[in-house]
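**Student:** One structure coming up, written as structure tokens, with questions to follow.
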Amino acid sequence: MSGDWAVELHGIRKRYGRGRTAVHALRGVDLTLRPGSYTAVMGPSGSGKSTFLQCAAGLDRPTAGTVRLGGTEITGMKENKLTALRRTRIGFVFQAFNLLPSLTVEQNVVLPMRLAGHRPDRRRAAEVLHQVGLADKARRRPGQLSGGQQQRVAIARALVTRPDVVFADEPTGALDTTTATEILTLLRGAVDTHGATVVMVTHDPAAAAWADRVLFLSDGEIVDHLDREGPAGPGPDRGGLRDPGRAHADRIAARMTALAAPRTHSKAAA
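Here's what the structure looks like:
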């Protein structure tokens with residue numbers, strides 16, 4: 001990956017509509033994220049979380065500002081080139097899994113390669129399926145898997161092209177607590193063991209606690225952040241990775257409660 005940053009956002013603004021009815025979803029977001037980092041993005045409803053993710057991932061174009069992924073500016077990129085970049089250098093994990101039911105697990109995993117016009121690498125597919133604990137499910141179809149297993153397939157699909165960054169949008173929102181922990185452990189492991197860069201939008205403080213840094217959005221601005229205390233790398237818990245602990249999740253929840261209170265926020269450096 002070229003460049004010193006996995007993700008760079010400079011002066012990102014997003015406006016919907018014009019005049020008095022205009023909605024300012026993002027109001028000048030500046031952010032740089034290093035390769036191999038795990039960042040969670042939180043905020044009240046309407047704070048701009050979804051718009052932030054869409055602009056950062058090249059799914060929507062900002063009204064102003066620049067976005068760079070792995071050193072490549074994508075802001076003014078033509079749609080066909082942007083589509084090709086998303087298929088090879090960006091991974092996506094969504095709450096709804098977005099697997100094709102008629103394809104096998106392996107075929108779903110290599111789909112980004114096929115869409116990019118590349119020959120599917122079955123060896124690489126087997127590698128990432130092994131990473132997510134589904135090496136024996138390659139021939140199954142999504143309908144034969146549990147929700148947690150389907151999300152594991154989605155993570156394998158996101159990692160198969162070794163992307164510059166993986167964007168996860170509420171990846172545990174449709175899962176029970178135990179299964180959600182398994183998915184968060186996989187994302188944490190993708191960062192710590194395989195050097196992936198993960199940006200996750202979530203409403204859940206317990207999920208955000210797995211990240212290295214939590215960014216708090218309000219009214220389209222990054223107004224606060226909270227860094228994880230202590231090491232986040234390999235440890236004795238949760239299958240070899242450290243559980244972030246209840247205390248950190250409580251700190252995140254407290255920040256969210258303060259953010260929701262009716263007061264004026266000053267923009268904090270992220």
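Per the UniProt record's numbering, the sequence shown starts with residue 1, numbered consecutively.
Every residue, glycine too, gets a C-beta built ideally from N, C-alpha and C.
1. For the beta strand (DSSP E) containing S218, name the first residue and the last one.
2. Ordered along the chain, which non-local residues of its own chain (more than five positions away) have a Cβ less than 6 Å from that of W210?
3. Looking only at its chain, what residues have a beta carbon closer than 7 Å to the beta carbon of G48, apart from the 5 residues adjacent to it on each side?
4. At which residue ranges does the stretch 151-210 contain complete beta strand (DSSP E) runs of 3 or more residues, listed in the order of the chain?
5. Which residues mark the beginning and the end of the alpha helix (DSSP H) in which R114 is found?
6. When you compare only the Cα positions, how much space is there between F167 and I90?
7. Is it the case that the Cβ atoms of V153 and N108 are separated by a distance below 8 Å?
8. For G148, which residues in the same chain have their Cβ closer than 7 Å to its Cβ, ignoring the five residues on either side in sequence?
9. Rounded to the nearest angstrom, what separates V105 and T202 at their Cα positions?
10. Where DSSP assigns a beta bridge to E127, which residues make up the other side?
11. Does the distance from the CB of T51 to the CB of K14 come in under 8 Å?
12. Mind checking which residues open and close the alpha helix (DSSP H) that includes D250?
13. How big is the Cα-Cα spacing for A206 and I252?
14. Can you give me the Cβ contacts of R124 inside the same chain, cut-off strictly under 7 Å, excluding the 5 residues immediately before and after it?
15. Under a three-way DSSP split, which group does K14 fall into?
16. Within the same chain, show all residues whose beta-carbon is closer than 6 Å to that of T39, passing over the 5 residues directly before and after it, in chain order.
17. Quick one: grab the DSSP three-state call for G91.
18. In terms of residues, what are the limits of the alpha helix (DSSP H) holding T32?
19. Less than 8 Å between the CB atoms is what I'm expecting for V93 and A196, so what's the real figure, rounded?
20. Taking DSSP's pairing of strands, which residues face V67 in a bridge?
21. If you run the structure through DSSP and keep just helix, strand and coil, what is L226?
22. What separation, rounded to the nearest whole angstrom, lies between the Cα atoms of R114 and A126?
23. Between which two residues does the beta strand (DSSP E) holding T39 run?
24. Opposite E73 in the DSSP bridges: which residues?
25. What's the gap between the Cα of R162 and the Cα of R119?
26. Under a Cβ-count criterion, where at least 16 other Cβ atoms within 10 Å of its own Cβ denotes burial, should E170 be classed as buried or exposed?
**Tutor:** So, from the listed chains and residues:
1. As a working mapping, residue 218 is identified with position 218 in the sequence shown. Looking at the DSSP string, the run of the beta strand (DSSP E) that includes S218 is R213 to S218.
2. For the purposes of this step, residue 210 is identified with residue 210 of the sequence shown, where counting begins at 1. L184, R188 and P244.
3. To locate residue 48, count along the sequence shown from 1; it is residue 48. Taken in chain order, the residues that qualify are A25, L26, L217 and G220.
4. 165-169 and 198-201
5. On the sequence shown, position 114 is the one that residue 114 refers to. Start and end: L111 to L115.
6. On the sequence shown, position 167 is the one that residue 167 refers to. On the sequence shown, position 90 is the one that residue 90 refers to. Between F167 and I90, the C-alpha separation is close to 7 Å.
7. Taking the first residue of the sequence shown as 1, we reach residue 153 at position 153. Taking the first residue of the sequence shown as 1, we reach residue 108 at position 108. Yes, the pair counts as a contact, with Cβ atoms nearer than the cut-off.
8. Within the sequence shown, numbered from 1, the residue matching residue 148 stands at position 148. Same-chain partners within the cutoff: L175, T179, E182 and I183.
9. Your numbering for residue 105 matches position 105 in the sequence shown. Your numbering for residue 202 matches position 202 in the sequence shown. C-alpha separation (whole angstroms): 26 Å.
10. In the sequence shown, the residue the question calls residue 127 occupies position 127. BP columns for E127 are empty, so no partner.
11. Against the sequence shown, residue 51 aligns to sequence position 51. Against the sequence shown, residue 14 aligns to sequence position 14. Against a cut-off of 8 Å, the Cβ pair of K14 and T51 comes out as a contact.
12. Numbered from its first residue, the sequence shown carries residue 250 at position 250. Residues R246 to A260.
13. Taking the first residue of the sequence shown as 1, we reach residue 206 at position 206. Taking the first residue of the sequence shown as 1, we reach residue 252 at position 252. Answer to the nearest angstrom: the Cα atoms are 8 Å apart.
14. Here residue 124 refers to the residue found at position 124 when the sequence shown is read from its first residue. For R124, where only same-chain residues beyond five positions count, the Cβ hits under 7 Å are V160.
15. Residue numbering aside, residue 14 sits at position 14 when the sequence shown is read from its first letter. K14 falls in the strand class under three-state DSSP.
16. In the sequence shown, residue 39 corresponds to position 39, counting from 1. Answer for T39: L33, V199, A211 and R213, listed in chain order.
17. Residue mapping note: residue 91 aligns to position 91 of the sequence shown, counting from 1. Reduced to three states, the DSSP call for G91 is strand.
18. Residue mapping note: residue 32 aligns to position 32 of the sequence shown, counting from 1. T32 -> not in any alpha helix (DSSP H); beta strand (DSSP E) instead, spanning V23 to L33.
19. Taking the sequence shown and counting its residues from 1, one reaches residue 93 at position 93. Taking the sequence shown and counting its residues from 1, one reaches residue 196 at position 196. That belief does not hold up - the Cβ atoms of V93 and A196 are roughly 11 Å apart, past 8 Å.
20. Counting from 1 along the sequence shown, the entry for residue 67 is found at position 67. Note: V67 sits in a beta bridge opposite L9.
21. In the sequence shown, counting from the first residue as 1, residue 226 sits at position 226. It is a strand residue.
22. Here residue 114 refers to the residue found at position 114 when the sequence shown is read from its first residue. Here residue 126 refers to the residue found at position 126 when the sequence shown is read from its first residue. Their Cα atoms are separated by approximately 16 Å.
23. If you number the sequence shown from 1, residue 39 lands on position 39. Y38 to M42 is the span of the beta strand (DSSP E), which, as asked, contains T39.
24. Mapped onto the sequence shown, residue 73 falls at position 73. Partner(s): R68.
25. Translated into positions along the sequence shown, residue 162 becomes position 162. Translated into positions along the sequence shown, residue 119 becomes position 119. Answer to the nearest angstrom: the Cα atoms are 15 Å apart.
26. Numbered from its first residue, the sequence shown carries residue 170 at position 170. Per the 10 Å Cβ criterion, buried.
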